[in-house]
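Chains as they are written, first to last, in this note's numbering: chain A, 1 to 113; chain B, 1 to 113.
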Amino acid sequence: DTAVSQTPKYLVTQMGNDKSIKCEQNLGHDTMYWYKQDSKKFLKIMFSYNNKELIINETVPNRFSPKSPDKAHLNLHINSLELGDSAVYFCASSRTGGNQPQHFGDGTRLSIL
Amino acid sequence: AQSVTQLDSQVPVFEEAPVELRCNYSSSVSVYLFWYVQYPNQGLQLLLKYLSGSTLVKGINGFEAEFNKSQTSFHLRKPSVHISDTAEYFCAVSSDQDDKIIFGKGTRLHILP
Numbered sequence: 001d002t003a004v005s006q007t008p009k010y011l012v013t014q015m016g017n018d019k020s021i022k023c024e025q026n027l028g029h030d031t032m033y034w035y036k037q038d039s040k041k042f043l044k045i046m047f048s049y050n051n052k053e054l055i056i057n058e059t060v061p062n063r064f065s066p067k068s069p070d071k072a073h074l075n076l077h078i079n080s081l082e083l084g085d086s087a088v089y090f091c092a093s094s095r096t097g098g099n100q101p102q103h104f105g106d107g108t109r110l111s112i113l
Numbered sequence: 001a002q003s004v005t006q007l008d009s010q011v012p013v014f015e016e017a018p019v020e021l022r023c024n025y026s027s028s029v030s031v032y033l034f035w036y037v038q039y040p041n042q043g044l045q046l047l048l049k050y051l052s053g054s055t056l057v058k059g060i061n062g063f064e065a066e067f068n069k070s071q072t073s074f075h076l077r078k079p080s081v082h083i084s085d086t087a088e089y090f091c092a093v094s095s096d097q098d099d100k101i102i103f104g105k106g107t108r109l110h111i112l113p
């Protein structure tokens, strides 16, 4: 019973390509997030959606576009991949509210050749 | 604006010894505080949280943390560590005034045999 699942787990591709990462949660949460974790383990929020509406959009390049077809799914599409995009991307979900903990997927390790 | 400082990037500890991982936060409003653990090649898992009430919070795997408002700290402790506690530990802060959790830069707990 995976609560937050991301696919694929590993993604190896070349510069300039376009790729997508999918995320699904079965916890009934209203809010979903995308984070980027760099090689030093620093975790940076990228986007947050609440009931399919974008509520957080940090300073992320336009090449990154999140899409939420319903509140259980939040996908991340990346255009024209660059070397600096190499990282682990985590999806998370929570109930609405600052006192609600977040539940994380196992991450997608993106490597750009 | 809120911020979180984890004072140690790495903490080496002998097995069965006690450990304390330090976390300080900054906020102009009431906060909620969290500790998450990240085992190798996995996502973050909630260890414990402080929302209100008793300042001593107990979490999973024998960890506990104490909220100290005057010192703006939320240090994590365990009386006796095990090799399986080897992981990255993240302190995080949120509030009702913000839609996101702010994570610290993480502390790597390294258990020595």
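Heads up, the beta-carbon is just placed ideally off N, CA and C, and yes, glycines get one too.
Kindly say whether residue i, judged by its beta-carbon, lies nearer than 7 Å to any beta-carbon of chain A.
| i | result |
| --- | --- |
| residue 32 of chain B | yes |
| residue 51 of chain B | yes |
| residue 64 of chain B | no |
| residue 106 of chain B | yes |
| residue 99 of chain B | yes |
| residue 103 of chain B | yes |
| residue 10 of chain B | no |
| residue 85 of chain B | no |
| residue 88 of chain B | yes |
| residue 76 of chain B | no |
Tell me, which residues are paired with residue i by DSSP?
| i | result |
| --- | --- |
| residue 57 of chain B | B:65 |
| residue 50 of chain B | B:33 |
| residue 66 of chain A | A:76 |
| residue 12 of chain B | B:110 |
| residue 109 of chain A | A:10, A:88 |
| residue 27 of chain A | None, per the DSSP bridge assignment. |
| residue 82 of chain B | Per DSSP, none; premise fails for residue 82 of chain B. |
Looking at C-alpha atoms only, which residue of the options is the closest neighbour of residue i?
| i | options | result |
| --- | --- | --- |
| residue 56 of chain A | A:93, A:47, A:64, A:63 | A:47 |
| residue 25 of chain B | B:13, B:37, B:1, B:52 | B:1 |
| residue 106 of chain B | B:90, B:50, B:59, B:17 | B:90 |
| residue 55 of chain B | B:61, B:98, B:95, B:34 | B:34 |
| residue 108 of chain B | B:12, B:32, B:3 | B:12 |
| residue 96 of chain B | B:31, B:46, B:40 | B:31 |
| residue 78 of chain A | A:26, A:3, A:111 | A:111 |
| residue 29 of chain A | A:37, A:4, A:18 | A:4 |
| residue 22 of chain B | B:102, B:68, B:112 | B:68 |
| residue 3 of chain B | B:101, B:88, B:112 | B:101 |
Excluding the five sequence neighbours on either side, which residues of its own chain have a C-beta within less than 7 Å of the C-beta of residue i, listed in chain order?
| i | result |
| --- | --- |
| residue 42 of chain B | none |
| residue 10 of chain A | 109 |
| residue 19 of chain A | 11, 13, 78, 81 |
Does any C-beta atom of chain B lie closer than 7 Å to the C-beta of residue i?
| i | result |
| --- | --- |
| residue 42 of chain A | yes |
| residue 47 of chain A | no |
| residue 112 of chain A | no |
| residue 64 of chain A | no |
| residue 8 of chain A | no |
| residue 99 of chain A | yes |
| residue 56 of chain A | yes |
| residue 105 of chain A | yes |
Grab me the residues of residue i's own chain with a C-beta within less than 8 Å of its C-beta, minus the 5 sequence neighbours each way, in chain order.
| i | result |
| --- | --- |
| residue 115 of chain A | An answer regarding residue 115 of chain A cannot be provided, because it is not within the stretch 1 to 113 covered by chain A. |
Less than 6 Å between C-beta atoms, sequence neighbours within five positions excluded: which residues of the same chain meet that for residue i?
| i | result |
| --- | --- |
| residue 123 of chain B | Limits of chain B in this structure are 1 at one end and 113 at the other, which puts residue 123 of chain B out of reach. |
| residue 107 of chain A | 88, 90 |
| residue 73 of chain A | 24 |
Just to confirm, does residue i get its C-beta within under 6 Å of one of the non-hydrogen atoms of the ligand NAP?
| i | result |
| --- | --- |
| residue 87 of chain B | For the ligand NAP, the structure offers nothing, since it holds no ligand at all. |
Between the region 66–81 of chain B and the region 5–14 of chain A, are three or more C-beta pairs nearer than 8 Å? The answer is no - the region 5–14 of chain A does not touch the region 66–81 of chain B, with fewer than three Cβ pairs under 8 Å.
Answer yes if the region 43–58 of chain B comes into contact with the region 89–105 of chain A, meaning at least three C-beta pairs across the two stretches below 8 Å, and no otherwise. Yes, the region 89–105 of chain A is in contact with the region 43–58 of chain B.
Would the region 77–86 of chain B and the region 12–29 of chain B be scored as touching if the rule is three or more Cβ pairs under 8 Å? Note that the region 77–86 of chain B touches the region 12–29 of chain B; at least 3 beta-carbon pairs, one per stretch, sit closer than 8 Å.
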